[in-house]
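Notes follow once the structure below has been shown.
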Amino acid sequence: MSESRKVYGLGAEFESAAALMAAAEKIRDTGFSHWDVHTPFPIHGMDKAMGLGKSKLSAFVFVGGFLGFLTGISLVSIPSLFIYPMIVHGKPYTWATLPAFFPIIFELTVLFSAFTAVGAMFAMNSLPRLHHPVFNWDRFKRFTDDGFLMVIEARDIKFSESRTKALLEEIGARNVTLIHD
Amino acid sequence: MAKSSVTLETPPELQRPALVDHERSIHWVTENVSNIVESTTPKWWFLTICITSPIALMGLICIIYQISNGVGVWGENHPNGWAWDITNFVFWIGIGHAGTLISAVLFLTRQKWRTSINRAAEAMTLFAVVCAGIFPAIHVGRVWYAWFLAPIPNTNAIWPNFRSPLLWDVFAVSTYFSVSVLFWFVGLIPDLATLRDRAKSRLPQIIYGILALGWRGGNRQWRHYEMAYLLLAGLSTPLVLSVHSIVSFDFATSIMPGWHTTIFPPYFVAGAIFGGFAMVLTIMLPASRLFPQINDMITRNHVDKMAKIILLTGSIVGYAYLMELFVAWYGANKFESFTFFTARANFDGKGWYQWSYWIMMFCNVISPQIFWFKKMRTNYIVVFIVCQFVNVGMWFERFTIIVTSLAQDFLPSSWGRYSPSTTEILTFVGTFGIFLTLFLLFMRFLPMIAISEVKGVTPEADPHHHPKH
Chain V
115 MSESRKVYGL GAEFESAAAL MAAAEKIRDT GFSHWDVHTP FPIHGMDKAM
165 GLGKSKLSAF VFVGGFLGFL TGISLVSIPS LFIYPMIVHG KPYTWATLPA
215 FFPIIFELTV LFSAFTAVGA MFAMNSLPRL HHPVFNWDRF KRFTDDGFLM
265 VIEARDIKFS ESRTKALLEE IGARNVTLIH D
Chain Z
201 MAKSSVTLET PPELQRPALV DHERSIHWVT ENVSNIVEST TPKWWFLTIC
251 ITSPIALMGL ICIIYQISNG VGVWGENHPN GWAWDITNFV FWIGIGHAGT
301 LISAVLFLTR QKWRTSINRA AEAMTLFAVV CAGIFPAIHV GRVWYAWFLA
351 PIPNTNAIWP NFRSPLLWDV FAVSTYFSVS VLFWFVGLIP DLATLRDRAK
401 SRLPQIIYGI LALGWRGGNR QWRHYEMAYL LLAGLSTPLV LSVHSIVSFD
451 FATSIMPGWH TTIFPPYFVA GAIFGGFAMV LTIMLPASRL FPQINDMITR
501 NHVDKMAKII LLTGSIVGYA YLMELFVAWY GANKFESFTF FTARANFDGK
551 GWYQWSYWIM MFCNVISPQI FWFKKMRTNY IVVFIVCQFV NVGMWFERFT
601 IIVTSLAQDF LPSSWGRYSP STTEILTFVG TFGIFLTLFL LFMRFLPMIA
651 ISEVKGVTPE ADPHHHPKH
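As given, the protein sequences belong to chains V and Z, one line each in that order. Sequential numbering of the first sequence, starting at 115, is according to my numbering. Sequential numbering of the second sequence, starting at 201, is according to my numbering.
Shown next as structure tokens:
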């Protein structure tokens, strides 16, 4: 670790999910904004402990699903009603046969919504991003096993190498380490 | 640290059994699931794949033979235009449904026990849908014209018939496969990150590293991730119900006696879940024997619950069978009652396929009734045997529906018996090879238990949990 490299932030380890949650509440109350906890699984109630609201993902999925719905309607109705009207089983080719169009409209709605859900999740989480400064912390790998980690970024206004470190240690963190870019 | 001064204790009789036995730690879960992928390949794995991959290859050869010679190499002929091909299609697609049910419906209903079986069940879904997709694709005869099904403007200015259940099937099955792949992959991301971080050598580091997409497990990621997972579960639930309903429309919208009924969609969906759970157990019970460490995650409690679902859905299917008989009688339609009482149940000795009907009745309705007893539900050998009955029974259900209706329909002059050709039989056997080979590869290279999800249901994961000192 050369000292000339820019500091990304401070990494800290906590003993358990409960300890991490208590610490997150304190960090939230101190007023930090650029920080995150890294855990092996999502911890129930952590969004509130970090002061985060509900994910906006569902709004995107609604738009995606609606587009799928419109695509489905156009796909079945334009050919069947206008371009290539076809009499099947002696039934008319008008809107009166709408129920027979439902399955395809429904399937396309689901298909578009699902792709939007995954695509929007990737975009909001900036995935794929194979490199990230947090990976420079040698203990970071523990988050995929049984580590409960917290990283406070240096770009936060309230960040100060010494004082933030002291704060983290005070709220029960272990192995508080500087992470470089 | 507790915020409230009053602590509510759950009375012992209401406490649920722990989902992971022996109070294993979070680290233990990581270690023992990753171990399956990381340890040296066991001998039995090589041995099994040496058997399943030639069978898969044989299936592929049969498919190539069928494509190059035409559907005439099968036993299908007038009036049995559909027989084993569609039986196998419905059989495999039905098996796929349990995976989505476990991953989506049980997720929405907050059945936490699903966590240890959902990964393998979802993988099973994908591989079953791969096997299912083969049959409708090749049964059209000239597969190179399969693109006619796609709604694209072509030089003939011909469009597909959007009101045909066969086209609905194309959309339903392809949507189902795509959404299942997405759901499975999204679930895999945190576990791929675990394998990435544990990998010792360069190649796994690179491969798992790329597949994990740089997952960092930050709560700012988890909250979008959880929302995406919830929405995918919410989308998959109506999807899975729609897929088998649409498969049943292939029959129900026709005018064949025995097919033309409104009971088909719910009855097919229940049957699909029934057959799918049997296949999940068929695979998971041997797996839990071969990897003893997973027995603390896939416990007797899990097997017990799955057996209960088999009992429930089996009884729904049994109810549907009886209701079909009742309606055939009560509806007073001669052809309908002929199909049920003569062609299928053979009460007057003129039916041809009564054996398939009674095999179906025994395997699907009678055999699961043993699961009323808890002793039987937790006995792995009994459960395994009943699941084999269910697998056989569900195949015969589709065979009965398709062949008895077609072989003996309206006019006796247009009746015709059906028997499968060797190519047809070997193609079906081959799909088992394809299914098992894919599953073995999955077991070897990907975590077969959702590591992060199992960790999430351990007591340690509860933010209010404080270890007793």
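Just so it is clear, CB atoms sit at the ideal spot from N, CA and C, and this is done for glycine as well.
Per-residue burial, residue 219 of chain Z [other beta carbons within 10 Å of its own, 16 or more giving buried]: For this step, residue 219 of chain Z is matched to residue 19 along the second sequence. The residue in question, residue 219 of chain Z, is buried, as its Cβ has 16 or more Cβ neighbours within 10 Å.
Delimiting residues of the alpha helix (DSSP H) encompassing residue 264 of chain V: Your numbering for residue 264 of chain V matches position 150 in the first sequence. Premise fails: residue 264 of chain V lies in the beta strand (DSSP E), 262–267, not in any alpha helix (DSSP H).
Any chain V beta carbon closer than 9 Å to residue 421 of chain Z: Translated into positions along the second sequence, residue 421 of chain Z becomes position 221. Yes, residue 421 of chain Z counts as interfacial toward chain V.
Beta-carbon contacts of residue 276 of chain Z that lie in its chain and below 6 Å, excluding the five residues immediately before and after: Position 76 of the second sequence, counting from 1, holds the residue named residue 276 of chain Z. The beta carbon of residue 276 of chain Z sits closer than 6 Å to those of 283, all from its chain and outside the five residues before and after it, given in chain order.
For residue 452 of chain Z, the nearest candidate out of Z:655, Z:574, Z:364 and Z:327 (CA to CA): For the purposes of this step, residue 452 of chain Z is taken as residue 252 along the second sequence, with counting starting at 1. Checking every option, the nearest Cα to that of residue 452 of chain Z belongs to Z:364.
Spatially closest choice to residue 232 of chain V from Z:460, Z:421 and Z:589, by CA coordinates: By one-based count along the first sequence, residue 232 of chain V stands at place 118. The shortest Cα separation from residue 232 of chain V among Z:460, Z:421 and Z:589 belongs to Z:421.
Assigned secondary structure, residue 389 of chain Z (DSSP; H/G/I helix, E/B strand, else coil): Within the second sequence, residue 389 of chain Z is the residue found at index 189, counting from 1. In this structure, residue 389 of chain Z counts as helix in the three-state DSSP scheme.
For residue 226 of chain V, the three-state DSSP class (helix, strand or coil): On the first sequence, residue 226 of chain V is found 112 positions in, with the first residue counted as 1. If DSSP states are grouped into helix, strand and coil, residue 226 of chain V belongs with the helices.
Members of the stretch 150–161 of chain V that neighbour chain Z once the beta carbon cut-off is set at 7 Å: 150, 151, 152, 153, 154, 155, 156, 157, 158, 159, 160 and 161
Interface flag, residue 669 of chain Z vs chain V, CB-CB below 9 Å: Residue 669 of chain Z sits at position 469 when you count from the first residue of the second sequence. Because the pLDDT of residue 669 of chain Z is 44, which lies under 50, any placement of that residue in the model is unreliable, and the question is left without a value.
Sheet register partners of residue 292 of chain V (DSSP bridge): Taking the first sequence and counting its residues from 1, one reaches residue 292 of chain V at position 178. Residue 292 of chain V is bridged to V:124.
contact_flag[the stretch 235–247 of chain V, the stretch 403–422 of chain Z] where n(CB pairs < 8 Å) is 3 or more: With a cut-off of 8 Å, the stretch 403–422 of chain Z and the stretch 235–247 of chain V count as touching, because enough Cβ pairs lie within range.
9 Å Cβ cutoff, residue 208 of chain V in contact with chain Z: Sequence index remark: in the first sequence, residue 208 of chain V carries index 94 (1-based). Judged by the 9 Å Cβ criterion, residue 208 of chain V is not in contact with chain Z.
C-alpha distance - residue 155 of chain V paired with residue 163 of chain V, whole-angstrom precision: For the purposes of this step, residue 155 of chain V is taken as residue 41 along the first sequence, with counting starting at 1. For the purposes of this step, residue 163 of chain V is taken as residue 49 along the first sequence, with counting starting at 1. So the alpha carbons of these two residues sit roughly 16 Å apart.
Residue 564 of chain Z burial status per 10 Å Cβ neighbour count (16 or more: buried): If you number the second sequence from 1, residue 564 of chain Z lands on position 364. Counting Cβ neighbours within 10 Å, residue 564 of chain Z comes out buried, since at least 16 surround it.
Residue 654 of chain Z - DSSP class collapsed to helix/strand/coil: In the second sequence, counting from the first residue as 1, residue 654 of chain Z sits at position 454. In this structure, residue 654 of chain Z counts as helix in the three-state DSSP scheme.
Any 3 or more C-beta pairs closer than 8 Å across the stretch 484–499 of chain Z and the stretch 224–242 of chain Z: yes
With 16 other Cβ atoms within 10 Å as the buried cut-off, status of residue 502 of chain Z: Working through the second sequence from its first residue, we reach residue 502 of chain Z at position 302. By the 10 Å Cβ count, residue 502 of chain Z comes out buried.
Local conformation of residue 354 of chain Z per DSSP, three classes: Along the second sequence, one-based indexing puts residue 354 of chain Z at 154. Reduced to three states, the DSSP call for residue 354 of chain Z is coil.
Cβ shell of residue 181 of chain V (< 6 Å), same chain only, five flanking positions each side left out: Looking up residue 181 of chain V in the first sequence gives position 67. 226.
Whether residue 476 of chain Z touches residue 299 of chain Z by CB criterion (9 Å): For the purposes of this step, residue 476 of chain Z is taken as the residue at position 276 of the second sequence. For the purposes of this step, residue 299 of chain Z is taken as the residue at position 99 of the second sequence. Cβ atoms of residue 476 of chain Z and residue 299 of chain Z: closer than 9 Å.
Enclosing alpha helix (DSSP H) for residue 98 of chain V [first to last residue]: Absent from the model: residue 98 of chain V. The displayed extent of chain V is 115 to 295, so no value can be given.
Contact the stretch 364–381 of chain Z vs the stretch 442–449 of chain Z: 3+ CB pairs below 8 Å: A contact exists between the stretch 364–381 of chain Z and the stretch 442–449 of chain Z.
Which of helix, strand or coil DSSP assigns to residue 205 of chain V: Reading the first sequence from its first residue, position 91 is the one you call residue 205 of chain V. Three-state result, residue 205 of chain V: strand.
Those runs of the alpha helix (DSSP H) which lie wholly inside the stretch 395–427 of chain Z and span at least 4 residues: 402–411
Alpha helix (DSSP H) segment containing residue 283 of chain Z, residue limits: In the second sequence, residue 283 of chain Z corresponds to position 83, counting from 1. For residue 283 of chain Z, there is no enclosing alpha helix (DSSP H), since its DSSP letter is neither H nor E.
Proximity winner among Z:309, Z:659, Z:320 and Z:538, relative to residue 437 of chain Z (alpha-carbon distances): Here residue 437 of chain Z corresponds to residue number 237 of the second sequence, with the count starting at 1. Nearest option by C-alpha distance: Z:309.
Cα-Cα separation, residue 359 of chain Z to residue 243 of chain Z: Against the second sequence, residue 359 of chain Z aligns to sequence position 159. Against the second sequence, residue 243 of chain Z aligns to sequence position 43. Their backbone Cα atoms lie some 53 Å apart in a straight line.
Neighbouring residues, chain V, relative to residue 377 of chain Z (Cβ below 9 Å): Your numbering for residue 377 of chain Z matches position 177 in the second sequence. None at all; the shortest Cβ gap to chain V is about 10 Å.
Selection from V:121, V:146 and V:151 that minimises the alpha carbon distance to residue 287 of chain V: On the first sequence, position 173 is the one that residue 287 of chain V refers to. Here the closest residue by C-alpha is V:151.
Close Cβ partners of residue 568 of chain Z (< 7 Å) along its chain, the five nearest in sequence each way excluded: For the purposes of this step, residue 568 of chain Z is taken as residue 368 along the second sequence, with counting starting at 1. Excluding sequence neighbours, residue 568 of chain Z sits near 510, 511, 514, 586 and 590.
Interface residues of the stretch 188–199 of chain V facing chain Z [CB-CB below 7 Å]: Closer than 7 Å at the C-beta level to chain Z, one finds these residues of the stretch 188–199 of chain V: 189, 190, 193, 194, 197 and 198.
Cβ shell of residue 517 of chain Z (< 6 Å), same chain only, five flanking positions each side left out: By 1-based counting over the second sequence, the position of residue 517 of chain Z is 317. So the list reads 470, 471, 474 and 564, once near-sequence residues are dropped.
Alpha helix (DSSP H) runs contained entirely in the stretch 548–598 of chain Z, provided each spans 4 or more residues: 554–561 and 574–577
Within-9 Å CB hit, residue 290 of chain V to chain Z: Translated into positions along the first sequence, residue 290 of chain V becomes position 176. So, not an interface residue.
Residue environment, residue 382 of chain Z, which counts as buried when at least 16 other CB atoms sit within 10 Å: Locating residue 382 of chain Z in the second sequence gives position 182, counting from the first residue. The residue is buried, with at least 16 neighbouring Cβ atoms inside 10 Å.
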